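Chemist:
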Amino acid sequence: MIRKAKLADVKAIQALVNQYAESGQMLPRSLNELYEGLRDFHVYELRNELIGVCALHISWDGLAEIRSLAVKKDSMKNGIGSSLVKRCLDEAGELQVTRVFVLTYQDAFFRKLGFTDIDKKELPHKIWTDCLNCVKFPNCDESALVITVPRP
């Protein structure tokens with residue numbers, strides 16, 4: 008079941024996201040960041056266990072970012088990640104966001120969902136705030152992809 012994240016989920020969200028961050032697949036998230044950005048997150052819960060997370064972060068006028076998509080490794084390949092992204096895209100439409108982008112190493116996954124490649128230079132400088140904390144900045148090797156969000 009997908010639902011909005013609650014305060015009680017924060018430590019489980021951090022554990023899941025930071026598991027991927029340790030292997031360099033995404034940026035780590037501090038408890039402070041997660042509490043402050045809690046409203047961005049959707050979680051996938053199965054039998055009272057959090058097994059997936061995904062955030063939709065509003066970046067600019069009409070622009071949002073998919074962040075921190077993570078699924079427990081033993082639950083991958085079951086459509087959980089796709090379902091979480093689709094829920095975030097639905098929310099983006101409700102908020103009248105027109106475009107959603109992602110910075111990722113999983114480009115094929117996002118292309119299957121309708122995202123297309125974009126030059127990072129086309130994204131507003133405001134989005135690079137988080138990138139300043141990345142060890143790979145300014146030589147980012149993630150792919151940038153974007154999707155146009157249909158209005159509900």
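Counting from 8, one number per residue, gives the positions in the sequence shown under the numbering used here.
Here a beta-carbon is modelled for each residue, glycine too, at the ideal position from N, C-alpha and C.
Please read all numbers here as calculations on a predicted model, not as lab measurements.
(1) Exposed or buried, what is Y112 when buried is set at 16 or more other beta-carbons lying within 10 Å of its beta-carbon?
(2) For A22, is the classification buried or exposed, using 16 other Cβ atoms within 10 angstroms of its Cβ as the cut-off for buried?
(3) From W67 to S90, what does the alpha carbon distance come to, in whole angstroms?
(4) Could you tell me the distance, in whole angstroms, from the CA atom of I65 to the CA atom of E98?
(5) How is the alpha helix (DSSP H) around F108 delimited, first residue to last?
(6) Terminal residues of the continuous alpha helix (DSSP H) containing G59?
(7) Which same chain residues end up closer than 8 Å to K84 when comparing Cβ atoms and leaving out the 5 residues on each side of it in sequence?
(8) Which residues mark the beginning and the end of the alpha helix (DSSP H) in which F116 is found?
(9) Three-state secondary structure (DSSP) at S37?
(10) So V92 is in the alpha helix (DSSP H); what residue range does that whole segment cover?
Modeler: To lay it out plainly:
(1) Its Cβ having fewer than 16 others within 10 Å, Y112 is exposed.
(2) A22 counts as exposed, since fewer than 16 other C-beta atoms from the protein chains shown sit within 10 angstroms of its C-beta.
(3) Pairing W67 with S90, the inter-Cα distance amounts to about 24 Å.
(4) I65 and E98: Cα-Cα distance of roughly 11 Å.
(5) From DSSP, F108 is part of no alpha helix (DSSP H) but of the beta strand (DSSP E) over R106 to T111.
(6) That residue, G59, is in no alpha helix (DSSP H); its beta strand (DSSP E) goes E56 to W67.
(7) Cβ neighbours of K84 beyond the five flanking positions: none.
(8) Run containing F116: D114 to K119, per the alpha helix (DSSP H) assignment.
(9) Assignment of S37 by DSSP, reduced to helix, strand and coil, places it in the coil class.
(10) Per DSSP, V92 is one residue of the alpha helix (DSSP H) stretching across I87 to E101.
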